[in-house]
Amino acid sequence: MEPNVIICSCAVISDRDIEIAVSEIMSASPGLLPTPGVVFRHLNKKMNCCRCAPVAVATIYAAMDRLAQSTRVCPFALAEARAKLIRIEERRERRERRLNDAYANRKPSSMRAA
């Protein structure tokens, strides 16, 4: 058996914890998306520094893939949830790009009109 990997050291959450939570979330309520926030709330934990968020998202996707392969959860519910998560991630990336572009294109304070 593979040892558990700690995904969030602040809240002490392992990959196994996330996999179990995703399975329970997807089995119990098809309306919920297993985002990091939903998964952490399901585990009665809080994200502190949020540095684990990208790894948590990757772990959630991997857990969803394993659930789809094992057919423990409806494949249509998994596909719909994954599509929604991808759209959310794409919107976040676009927003981040716009902010980075705006920051890069702003004038230095010495060039601004007084």
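Position 74, counted from 1, in the sequence shown is what full-length UniProt numbering calls 74; the numbers after and before it change by one each time, with no gaps.
Note that the Cβ used here is the ideal one computed from N, Cα and C, for glycine as well.
Fair warning: this is a prediction, and the values are worked out from it, not measured in the lab.
Between the beta-carbon of residue i and the beta-carbon of residue j, is there less than 8 Å?
| i | j | result |
| --- | --- | --- |
| Pro34 | Met26 | yes |
| Asp15 | Val5 | yes |
| Ala56 | Ile88 | no |
| Met64 | Arg82 | yes |
For residue i and residue j, what's the separation of their Cα atoms in angstroms?
| i | j | result |
| --- | --- | --- |
| Tyr61 | Ala79 | 11 Å |
| Val73 | Leu85 | 17 Å |
| Ala77 | Ala58 | 18 Å |
| Ser70 | Glu2 | 18 Å |
For residue i, which of the options has the nearest alpha-carbon?
| i | options | result |
| --- | --- | --- |
| Val39 | Glu19, Arg51, Ala81 | Glu19 |
| Arg51 | Glu2, Leu43, Pro36 | Pro36 |
| Glu93 | Ala68, Pro54, Arg66 | Pro54 |
| Leu43 | Glu96, Leu32, Ala21 | Ala21 |
Please state whether DSSP places residue i in a helix, a strand or coil.
| i | result |
| --- | --- |
| Ser23 | helix |
| Ser14 | strand |
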